[in-house]
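Undergrad: Below: one structure in structure tokens.
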Amino acid sequence: MNEDEIQRVAQAINEQYQGQTIPPDELREMAIAAIKAIRSLPENDLSRGANGDGGHPSLSLEGERG
1 MNEDEIQRVA QAINEQYQGQ TIPPDELREM AIAAIKAIRS LPENDLSRGA
51 NGDGGHPSLS LEGERG
């Protein structure tokens with residue numbers, strides 16, 4: 001996990017909170033926890049998506065969409 005991944009995930013988390021202020025340290029910890037959780041899932045869970053729709057584009061840690 002590198003700083004770029006952490007920042008991208010932190011930005012995605014922050015966007016979901018629509019106007020609420022999240023302290024930067026807390027946001028960083030949330031991003032790190034999210035990355036660890038995503039990486040702990042079996043690969044099929046990420047590619048399949050919760051609805052079997054091919055996965056959510058924001059789950060990509062490689063910077064790719066789709």
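Heads up, the sequence shown is in the UniProt record's numbering, so the first residue is 1 and it goes up one at a time. For every residue, glycine included, the Cβ atom is placed at its ideal position computed from N, Cα and C. In this text, all values refer to a predicted model and were calculated from it rather than measured experimentally.
Go ahead and label residue 10 buried or exposed: buried means 16 or more other beta carbons lie within 10 angstroms of its beta carbon, across all protein chains shown.
TA: Buried, because 16 or more other Cβ atoms sit within 10 Å of the Cβ of residue 10.
Undergrad: Can you tell me whether residue 31 is buried or exposed, with buried defined as 16 or more other CB within 10 angstroms of its CB?
TA: Looking at its Cβ environment, which holds 16 or more other Cβ atoms inside 10 Å, residue 31 is buried.
Undergrad: Expressed to the nearest angstrom, what Euclidean distance is found between the alpha-carbon atoms of residue 13 and residue 38?
TA: For residue 13 and residue 38, the distance between alpha carbons rounds to 14 Å.
Undergrad: Pick from 28, 19, 16: whose alpha carbon is nearest that of residue 7?
TA: Looking at the Cα atoms, 28 is the closest of the given residues.
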